[in-house]
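For reference, the structure discussed in these notes is given below.
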Amino acid sequence: MTRIVGEEQYEPEVRRRSVRNVPFFIRDDLIDIITDHGDEGLLQDSEIMGLIVGKVYKDDDGEYAVATGIISSELDADDVSVRFDQTDMTQLIDEIDNLKEGDRIVGWYHSHLGCGCFMSDTDIRTQNGLFGGRIGFAMVIDPVLRQLKVFDSTMDDPQPIQIIVME
């Protein structure tokens, strides 16, 4: 299976996390960007998606990620599916190519409209393809039910995780 991210070799910086055994930290302004994007999609009766940029660190408990940014582009979406618009990938690719030193794709986000936060079979295939079991996260939001849940990258069976939302 082709992987978009996670193939490159890297050695995460050693840095102790502020809360033990929490694998994902994200700023509240990034949550706001994602939920606002979800609300915009809801107005168009369309799902949304994007990529979560951040840094990966390691400590005695293993690897963890700290989100630092969001990337999205034009989408091909309806009320039950979403993907990046294949005819206009230039912006997305340029943003990925121009990530700051040490930044990488640490996750992706998408919405479900009114059916809750879960990983569908398609979502699981996407998660496997993006991260292949390495560190990476899927955030699912439901702008109708006002829910948010984050999943790890366990191959074929992503599990819900705890996250820390920072100011």
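Numbered according to this note's numbering, the sequence shown spans residues -12 to 154. Glycine is no exception: its CB is placed at the ideal position from the N, C-alpha and C atoms.
Over the uninterrupted alpha helix (DSSP H) stretch that includes residue i, give me the two end residues.
| i | result |
| --- | --- |
| Arg2 | No alpha helix (DSSP H) contains Arg2, which DSSP labels as neither H nor E. |
| Asp143 | Segment: none, Asp143 is in no alpha helix (DSSP H) and carries neither H nor E. |
Does DSSP classify residue i as helix, strand or coil?
| i | result |
| --- | --- |
| Glu27 | helix |
| Asp47 | coil |
| Phe105 | coil |
| Arg121 | coil |
| Leu100 | coil |
| Gly116 | helix |
Just mark residue i as buried or exposed, buried being the case when its beta carbon has 16 or more other beta carbons within 10 Å.
| i | result |
| --- | --- |
| Asp129 | buried |
| Asp139 | buried |
| Gly89 | exposed |
| Asp75 | exposed |
Just confirm the distance between the C-beta atoms of residue i and residue j, as a whole number of angstroms; I'd bet it's less than 8 Å.
| i | j | result |
| --- | --- | --- |
| Asp65 | Ser98 | That belief does not hold up - the Cβ atoms of Asp65 and Ser98 are roughly 12 Å apart, past 8 Å. |
| Arg14 | Ala54 | 7 Å |
CB-CB under 8 Å to residue i, same chain, minus the five flanking residues each way: which ones, in chain order?
| i | result |
| --- | --- |
| Arg70 | Met36, Leu62, Asp63, Ala64 |
How is the beta strand (DSSP E) around residue i delimited, first residue to last?
| i | result |
| --- | --- |
| Gln134 | 134 to 138 |
| Asp81 | Here Asp81 belongs to no beta strand (DSSP E); instead the alpha helix (DSSP H) covers 77 to 84. |
Suppose the cutoff is 6 Å on Cβ atoms and the five residues either side in sequence are ignored; what does the same chain contact list for residue i look like?
| i | result |
| --- | --- |
| Asp47 | none |
| Ser59 | Gly37 |
Going by beta carbon distance, what residues of the same chain come within less than 7 Å of residue i, once the five residues before and after it are set aside?
| i | result |
| --- | --- |
| Val131 | Leu29, Leu100, Gly101 |
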